[in-house]
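There are 10 protein chains.
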Amino acid sequence: MLFAVKMDVDLPADLDPEVKADTIAREKAYSQKLQRSGKWPHIWRCVGQYSNLSVFDVESNDELHDILWGLPLFPYMSIEVTPLAVHPSDINA
Amino acid sequence: MLFAVKMDVDLPADLDPEVKADTIAREKAYSQKLQRSGKWPHIWRCVGQYSNLSVFDVESNDELHDILWGLPLFPYMSIEVTPLAVHPSDINA
Amino acid sequence: MLFAVKMDVDLPADLDPEVKADTIAREKAYSQKLQRSGKWPHIWRCVGQYSNLSVFDVESNDELHDILWGLPLFPYMSIEVTPLAVHPSDINA
Amino acid sequence: MLFAVKMDVDLPADLDPEVKADTIAREKAYSQKLQRSGKWPHIWRCVGQYSNLSVFDVESNDELHDILWGLPLFPYMSIEVTPLAVHPSDINA
Amino acid sequence: MLFAVKMDVDLPADLDPEVKADTIAREKAYSQKLQRSGKWPHIWRCVGQYSNLSVFDVESNDELHDILWGLPLFPYMSIEVTPLAVHPSDINA
Amino acid sequence: MLFAVKMDVDLPADLDPEVKADTIAREKAYSQKLQRSGKWPHIWRCVGQYSNLSVFDVESNDELHDILWGLPLFPYMSIEVTPLAVHPSDINA
Amino acid sequence: MLFAVKMDVDLPADLDPEVKADTIAREKAYSQKLQRSGKWPHIWRCVGQYSNLSVFDVESNDELHDILWGLPLFPYMSIEVTPLAVHPSDINA
Amino acid sequence: MLFAVKMDVDLPADLDPEVKADTIAREKAYSQKLQRSGKWPHIWRCVGQYSNLSVFDVESNDELHDILWGLPLFPYMSIEVTPLAVHPSDINA
Amino acid sequence: MLFAVKMDVDLPADLDPEVKADTIAREKAYSQKLQRSGKWPHIWRCVGQYSNLSVFDVESNDELHDILWGLPLFPYMSIEVTPLAVHPSDINA
Amino acid sequence: MLFAVKMDVDLPADLDPEVKADTIAREKAYSQKLQRSGKWPHIWRCVGQYSNLSVFDVESNDELHDILWGLPLFPYMSIEVTPLAVHPSDINA
Numbered sequence: 001m002l003f004a005v006k007m008d009v010d011l012p013a014d015l016d017p018e019v020k021a022d023t024i025a026r027e028k029a030y031s032q033k034l035q036r037s038g039k040w041p042h043i044w045r046c047v048g049q050y051s052n053l054s055v056f057d058v059e060s061n062d063e064l065h066d067i068l069w070g071l072p073l074f075p076y077m078s079i080e081v082t083p084l085a086v087h088p089s090d091i092n093a
Numbered sequence: 101m102l103f104a105v106k107m108d109v110d111l112p113a114d115l116d117p118e119v120k121a122d123t124i125a126r127e128k129a130y131s132q133k134l135q136r137s138g139k140w141p142h143i144w145r146c147v148g149q150y151s152n153l154s155v156f157d158v159e160s161n162d163e164l165h166d167i168l169w170g171l172p173l174f175p176y177m178s179i180e181v182t183p184l185a186v187h188p189s190d191i192n193a
Numbered sequence: 201m202l203f204a205v206k207m208d209v210d211l212p213a214d215l216d217p218e219v220k221a222d223t224i225a226r227e228k229a230y231s232q233k234l235q236r237s238g239k240w241p242h243i244w245r246c247v248g249q250y251s252n253l254s255v256f257d258v259e260s261n262d263e264l265h266d267i268l269w270g271l272p273l274f275p276y277m278s279i280e281v282t283p284l285a286v287h288p289s290d291i292n293a
Numbered sequence: 301m302l303f304a305v306k307m308d309v310d311l312p313a314d315l316d317p318e319v320k321a322d323t324i325a326r327e328k329a330y331s332q333k334l335q336r337s338g339k340w341p342h343i344w345r346c347v348g349q350y351s352n353l354s355v356f357d358v359e360s361n362d363e364l365h366d367i368l369w370g371l372p373l374f375p376y377m378s379i380e381v382t383p384l385a386v387h388p389s390d391i392n393a
Numbered sequence: 401m402l403f404a405v406k407m408d409v410d411l412p413a414d415l416d417p418e419v420k421a422d423t424i425a426r427e428k429a430y431s432q433k434l435q436r437s438g439k440w441p442h443i444w445r446c447v448g449q450y451s452n453l454s455v456f457d458v459e460s461n462d463e464l465h466d467i468l469w470g471l472p473l474f475p476y477m478s479i480e481v482t483p484l485a486v487h488p489s490d491i492n493a
Numbered sequence: 501m502l503f504a505v506k507m508d509v510d511l512p513a514d515l516d517p518e519v520k521a522d523t524i525a526r527e528k529a530y531s532q533k534l535q536r537s538g539k540w541p542h543i544w545r546c547v548g549q550y551s552n553l554s555v556f557d558v559e560s561n562d563e564l565h566d567i568l569w570g571l572p573l574f575p576y577m578s579i580e581v582t583p584l585a586v587h588p589s590d591i592n593a
Numbered sequence: 601m602l603f604a605v606k607m608d609v610d611l612p613a614d615l616d617p618e619v620k621a622d623t624i625a626r627e628k629a630y631s632q633k634l635q636r637s638g639k640w641p642h643i644w645r646c647v648g649q650y651s652n653l654s655v656f657d658v659e660s661n662d663e664l665h666d667i668l669w670g671l672p673l674f675p676y677m678s679i680e681v682t683p684l685a686v687h688p689s690d691i692n693a
Numbered sequence: 701m702l703f704a705v706k707m708d709v710d711l712p713a714d715l716d717p718e719v720k721a722d723t724i725a726r727e728k729a730y731s732q733k734l735q736r737s738g739k740w741p742h743i744w745r746c747v748g749q750y751s752n753l754s755v756f757d758v759e760s761n762d763e764l765h766d767i768l769w770g771l772p773l774f775p776y777m778s779i780e781v782t783p784l785a786v787h788p789s790d791i792n793a
Numbered sequence: 801m802l803f804a805v806k807m808d809v810d811l812p813a814d815l816d817p818e819v820k821a822d823t824i825a826r827e828k829a830y831s832q833k834l835q836r837s838g839k840w841p842h843i844w845r846c847v848g849q850y851s852n853l854s855v856f857d858v859e860s861n862d863e864l865h866d867i868l869w870g871l872p873l874f875p876y877m878s879i880e881v882t883p884l885a886v887h888p889s890d891i892n893a
Numbered sequence: 901m902l903f904a905v906k907m908d909v910d911l912p913a914d915l916d917p918e919v920k921a922d923t924i925a926r927e928k929a930y931s932q933k934l935q936r937s938g939k940w941p942h943i944w945r946c947v948g949q950y951s952n953l954s955v956f957d958v959e960s961n962d963e964l965h966d967i968l969w970g971l972p973l974f975p976y977m978s979i980e981v982t983p984l985a986v987h988p989s990d991i992n993a
């Protein structure tokens, strides 16, 4: 089951540089582990933004929430979730 | 070069049913031809909306505009375009 | 899997009264059938609005989309979908 | 008398961790006591948000305000209140 | 129990003048009957708008919805409802 | 001459508790003095908000501005002012 | 007593050309009469818009409402009213 | 003196095809004449929109307004005007 | 050449009182010098807001920008600029 | 390939003055180097704003993102990107 997720990151200007570097490193590892598992099939950078547009492939709303809530950058993010369905024109449907 | 494109369709209530059916059929054919060519790699229905979220893979802004302008449903659509870049956490990058 | 769905109805002022009455009757029957099946456990009127706030309990995003797309009033509705998860404070969780 | 209430939580990044943990614990206890009393029949997490969608069943506007004002997380919340009425299609009405 | 209600009227430009005059006359009678009953204690015109700000005093959400739904101008109105509670600084509280 | 005024209060999380208590006490006294004078005939709490909806009865725009500017909570408020006129359906007009 | 008033005009595309010309001519006469009386001291065109920004000098909210309601273009306008007060830096104050 | 101008075109679905074609042809001629005169140095299509972003170089606000008001598509456009100044980092300044 | 300028001031709660008083005093002097020169013909307080609506009469966009950029309160302001033209109904035009 | 980019700068009030001066100096050098290379053909100040409207001429979305992400003021900016295409009325097209 697919969901589009837009994540906008807003790091406080006075965030401790070490905390910042560590959080970003953990975010990357967290994301890549989920990408490898197939749960997070797409992640794109939105040009000129500290944002990404991602697609998640999960079993349920609860699974998606747990993934997003666990993002190391979650406390600094605004997140918008759009549930996706098969499009009738999709040649792969 | 990738772009996320959100298309919201708003057909007038008094649109002639034949015109409507014909336009939707042409839209589907137009979309599927582009999907097969690789220019339109993803199309998803947004749940509960007469909308889709798509990803286009084109050579230039001009090519993308020509594709979108040529959509049979273009006169009835609101379209939002987001240029995408490679995300530093993308395992395929 | 639960989703909150807000539906705002906007009937054109010049809609044929018979078409209007028939559409509203079919909407009611369609809704009540889904309520009885357990797919549509809650429907509330928003005070002072031609709107409802509903909760759906479905297997997937695709099932929810099919239900909403099939609403007799769908062409006259604006719909907002919010995926819901279990809340950690929920005493029934 | 039912009300839908959307609560968005925004905790300051520099909130003392002990204060934070204590406030969240008190919020949970406060909510569960009201759930058990029947005043707060539904609470759902909005996927990907530090937010909940709740339904309250109260005697009056004043009772609802007192409940919300007393939430331990109230100073960190944005709250939106929607009064609900019986829907004419509700099979339980 | 008090509610603030903002009503914005938007009459279609091509509304039949007789229908228009009749609807406005019925709206006035409907409003004045409710004012006399004490259910609609305040109605003010918003300067420069085809709008009013009103205060209703009702027993329940359902009663308020029935009153608003029954307004002869309801099909042409956008309505915003704000539930009110006693303010702790109110000298009459 | 009547004006509807919506006041939303946003106290900084780190405001000194004594300053806060003192400011709120002065706000209450200031408001009640104006209520007694007839300048501030209505004040209601908006349910679930640190907000009030008030009606002022003043001689001029300048008088209203001076009253609002003098509110002890003014530096922490967002204020929206709506000039009101007599409504043609008002039974007291 | 001064008020800033922003008026945006939106004439229907299918408005009868004679009705349109007549309404615009009456609007101009109405405006100029009020300008000569001193009630409407400023009227400016907003560049690139079918809009004006005006300043009115009236005795009361009711007088302003009657003037605006009487505008021949009123049914085609969106109007925004801002009450003005003397600014403490005004050299003429 | 430079101004950025965003123009969004919204042609009614039922516009007579001849009127439409004629208006668009006149718009093109009008624009190209101004481009050749140096008054309209830049015009770009916004990708996926029936919109353009333009830059005008005029003597005054009044000249800009006259140009925009005279656009054959003006009655079908929403226009946003941003006055521009020299940027201190501009290497040509 | 006239421009309407709306300035909203938002002073940080923790601004040093001396800095604040000094900045406001310099703002007043700066404004009054420009008023006397004829560059800033109107300044009004928006009722209930820490805001003003002003009209400037300048030679160019660059002159206006330099004036606004030089405002002592500029770092604390949100500013909205509307270019004005002569209105065809203006009796002084 | 052209993109319009709107950049709004919001420097924290408590930014160290040296850091601020250094960042602005580096921003200017960075911008001017890109202007000289032809990648950044236009930069205009938006009147009354700490903002610029720019046009970039780049090979790809990725190149644009790298340029914008590298701006010394990037952490303090809100950025809006609009992909541009050739306009059919452009005399240079």
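Protein chains in written order, with our numbering: chain H, 1 to 93; chain X, 101 to 193; chain C, 201 to 293; chain Z, 301 to 393; chain A, 401 to 493; chain G, 501 to 593; chain B, 601 to 693; chain S, 701 to 793; chain W, 801 to 893; chain D, 901 to 993.
Each residue gets a CB set at the ideal place from its N, CA and C atoms; glycine is no exception.
The straight-line gap separating the alpha-carbon atoms of residue 347 (chain Z) and residue 734 (chain S) is approximately 52 Å. Of the other Cβ atoms in all chains shown, 16 or more fall within 10 Å of the Cβ of residue 483 (chain A); this residue is therefore buried. Between the segment 303 to 315 of chain Z and the segment 350 to 361 of chain Z, the count of Cβ pairs shorter than 8 Å is three or higher; the stretches touch. For residue 867 (chain W), the uninterrupted alpha helix (DSSP H) run begins and ends at 861 to 869, by DSSP. In the three-state scheme derived from DSSP, where H, G and I count as helix and E and B as strand, residue 73 (chain H) is classed as coil.
Note that the segment 874 to 882 of chain W does not touch the segment 716 to 726 of chain S; fewer than 3 beta-carbon pairs, one per stretch, sit closer than 8 Å. DSSP, reduced to helix, strand and coil, places residue 622 (chain B) within a helical segment of the structure shown. The three-state secondary structure of residue 233 (chain C), taken from DSSP, is helix. When the alpha-carbon of residue 655 (chain B) is set against those of B:618, B:638, B:693, B:688, the nearest one is in B:638. In this structure, the beta-carbon distance from residue 867 (chain W) to residue 632 (chain B) does not fall below 7 Å. Look at residue 288 (chain C) here: in three-state DSSP terms it is coil, with no helix or strand label. Residue 419 (chain A) sits exposed, since fewer than 16 C-beta atoms from the chains shown fall within 10 Å of its C-beta.
Going by beta carbons, residue 885 (chain W) and residue 765 (chain S) fall inside the 7 Å limit.
Within chain W, the residues 861, 862, 865 have their CB atoms less than 7 Å from the CB of residue 785 (chain S), given in chain order. Out of S:762, S:788, S:780, the CA that lies nearest to the CA of residue 869 (chain W) is found in S:788. Rounded to the nearest whole angstrom, the CA to CA distance from residue 701 (chain S) to residue 12 (chain H) is 39 Å. Look at residue 328 (chain Z) here: in three-state DSSP terms it is helix. Spatial neighbours of residue 45 (chain H) in its own chain (CB-CB distance under 7 Å, excluding positions within 5 residues in sequence) are listed in chain order as 52. Look at residue 511 (chain G): its C-beta is not under 7 Å from any C-beta on chain W. Pairing residue 14 (chain H) with residue 881 (chain W), the inter-Cα distance amounts to about 32 Å.
Beta-bridge pairing by DSSP links residue 804 (chain W) to W:855, W:882.
DSSP places residue 44 (chain H) in the uninterrupted beta strand (DSSP E) bounded by 42 to 46.
The Cβ neighbour count for residue 621 (chain B), taken over all protein chains shown within 10 Å, is under 16; the residue is labelled exposed.
Listed along chain C are 248, 249, each with a C-beta nearer than 7 Å to that of residue 479 (chain A). Interface criterion met: the Cβ of residue 268 (chain C) is under 7 Å from a Cβ in chain X.
By the 16-neighbour rule on beta-carbons within 10 angstroms, residue 393 (chain Z) is exposed. The CB of residue 775 (chain S) comes closer than 9 Å to the CB of 611, 613, 650 in chain B, given here in chain order. For the segment 834 to 845 of chain W, the set of residues with a beta-carbon nearer than 7 Å to any beta-carbon of chain B comprises 835, 836, 843, 844, 845, in chain order.
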